[in-house]
Structures are given as C-alpha cells and as structure tokens.
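In mature numbering (1 follows the signal peptide of the UniProt record, and there is no 0), the protein residues as written are -18 to -1, 1 to 275. Just so it is clear, CB atoms sit at the ideal spot from N, CA and C, and this is done for glycine as well.
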Amino acid sequence: MKAFIFSILVCWAAVAHAQIRYGSNPAVGKRIQVGDISMYYETYGKGEPLILLHGGYGSIETMGGMIAAFSKKYQVFAVDSRSQGRTTDSDAKELTYAQMALDVNGLMDLLHIKKAKFVGWSDGGDIALELALIHPEKMDKAVIMGANFLGESKGVALTMDTTWKMNSTDLLFAKTRKPLAKYFSTYERLAPDKTKIAASKKKVADNAFNNPNISLVQLNSIQVPFLVMAGDHDMFTIDHTITLYKNLPRASLYIVPDATHISPFEEPELVHSEILRYLGKKYRRLDALYFWR
C-alpha cells in the first residue's frame, strides 16, 4: 500500500513540475524597479545563488529546462533582460550588453545578493562578460554558451548557407520545434507594452550587430573563472569561441558535439550535466604537462 501511495505521489509531483510555467509563474514571479526599468524575475530552489541570463529576443521561459535542473542544488534567480520578456523598455538609454550588466548588478544590490554563480546563454553570456569587467567581485564562477566578445558586425557569426537544407524529417526538428515556436513568439505573448514590440526588437538586433566591443586586453584582465561552451556548429565561428577561451585567464572549454547555437534545446541532458559538474567544483589551474613531472 505504501509503495502504491508513493508511486502516486511521484506521478503527481512529475505532473505538477511539468505544469510549471517558467517565465509566467505568478507564484514566484516578481517585479522590482532597477533604475529606469521594471525588471521581472522568478526565483526557484534553495542554496547558493545562481543567476540565469537568457538569449536575445527571449525570456526566462527559454531557460525552463535549466531552471528545473539547477534549482535542485541552487537558488536560481531567472531574469528577464531589459526590453525583453516581461521586463520593460526604456526610451532614455541605449540597449547594450554593458547596460544590461549594470541592470543585473542593480538587481543583485536590491536583492542583497553579494555574490553569485552565473549561467548565460548567447546574449546572456555577453552580459556575464560585461559584468565580469565592471563588477568581478559579484561573480563566483560563470558559464557562457554561444557567447561572443565582438558584435556580429565584426564578422564573428556565420552567414546563412542557402545552398542546402537539413532533412525535414530529422528528429532534431521534432525535438526543437515546440521550444523554438515559443521562442519566436515571446514578444507577442509576454511584452508588457505591445506598442513597443517593433522598437524593442530593433534595439535587440542593433545591439547584437554592434556589441559587445570587448578587447583582448580587457578579456585578459578578467579573473573570474569562466566555462566557455558552444555547439560545434554554433552560429559564432569556432575560431572566435577559441579566441574567447584562450584570452580568459581562468577559462575552461566545452564544445557540445553535434549541436548548434541552441544546444540547451538540442542536448539538454549533456549541457545541464556539464554545467552542474563545472559549477560544483573549485577552479584549479592546470599545467598541461604536469603528469611528466
């Protein structure tokens, strides 16, 4: 009888978990005034603070898989970036990764978070890099996926190849179709001011084209430990990713095989397990030939 009741409770918990509307969860969603914007965030789990930063045009919603995986060990603060998701826009300030890093810093101050671990995907990774330049004392470790330290105008992203198409019956399409459909409709569903959708999208596009502009000297000044992750078929060139890794003094590298810029959708178990492994251990500097000594 006890085994039967336990199985029922497990099934109920699984259903309840599956019904969590990450990014639209009134039970945990809150707003806080950070400078000139009303920032939306959601908090899950207990433990050390971990701040999740989503990609461009997205929201907390796109990080749902990570929230579910990471909140078992950490207190996850999932944030909607300026002019995206449920966070408001501002006509007074330009949208840049540097400004969004200031927003995150302001949020941490208001929530009395002295230091946190970070996971940033795409634009979220760029925000983490900018924060490491201005407030490294706020960062314990950071994981960045599909990030870039120069804007797309600098030729760091691959151009669209129109000479071929993937097989439409590929299982990868079935695996990513639903989350991508939600991603591409984020503004229309979640934007707090529907009259600003077009302007906000243009700001995000202009920002990605022109920013960031982080020099190699600046990268080499960052002492925060970073795990640089990317798909082996990421939209940013593998050379750019390797340059980013080589110029962060305390960096580790992980290339997700058979994956693109959306590796958290394509290979969630692999991506989540690697992030948890990295965050769960102390940084150590390795000598490549230590085993000969």
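Sheet register partners of residue i (DSSP bridge)
i	result
Glu119	BP columns for Glu119 are empty, so no partner.
Trp103	Met127
Ala233	Phe208
Phe192	The sequence given here has Asn at residue 192, not Phe. DSSP output for Asn192 lists no bridge partner at all.
Gln57	Pro31
Gln15	Ser20
Thr223	Its beta-bridge partners do not exist; DSSP assigns none.
Leu132	Asn195
C-alpha distance - residue i paired with residue j, whole-angstrom precision
i	j	result
Thr69	Leu271	48 Å
Gly40	Arg275	49 Å
Leu92	Ala212	32 Å
Lys183	Arg171	14 Å
Ala(-5)	Ile2	Any reading at Ala(-5) needs caution, since the residue's pLDDT is 43, under 50, leaving its predicted position unreliable; the model's value is listed next. Ala(-5) and Ile2: Cα-Cα distance of roughly 10 Å.
Val125	Thr177	34 Å
Glu119	Val206	8 Å
Phe273	Leu140	38 Å
Lys99	Asn229	20 Å
residue 281	Arg259	Lying before the first or after the last residue shown, residue 281 is absent from the chain, which here runs from -18 to 275.
Asp221	Gly137	11 Å
Phe218	Ile244	12 Å
Ser65	Tyr4	18 Å
Leu268	Met121	21 Å
Pro31	Ile95	8 Å
Ile257	Ser104	15 Å
Ser203	Pro231	8 Å
Ser255	Arg159	23 Å
Met148	Ile14	43 Å
Arg266	Thr145	45 Å
Check whether residue i and residue j have beta carbons under 7 Å apart
i	j	result
Tyr26	Val61	no
Val210	Leu226	yes
Lys164	Leu261	no
Gly107	His36	no
Ala83	Leu113	yes
Gly88	Val16	yes
Ala241	Phe208	no
Gly29	Ala190	no
Ala173	Ile179	yes
Asp18	Ala74	yes
Give a yes or no on contact between the stretch 19 to 28 and the stretch 58 to 74, applying the rule of three or more CB pairs nearer than 8 Å.
Enough Cβ pairs lie closer than 8 Å, so yes.
Would you call the stretch 42 to 57 in contact with the stretch 78 to 87, where contact means no fewer than 3 C-beta pairs closer than 8 Å?
The stretch 42 to 57 vs the stretch 78 to 87: no contact.
Below 8 Å, can you find three or more Cβ-Cβ pairs linking the stretch 31 to 48 to the stretch 241 to 256?
The stretch 31 to 48 vs the stretch 241 to 256: in contact.
Does the stretch 124 to 134 come into contact with the stretch 181 to 195, if we say contact requires no fewer than three beta-carbon pairs (one atom in each stretch) closer than 8 Å?
In short, these stretches touch, since the Cβ pair count reaches three.
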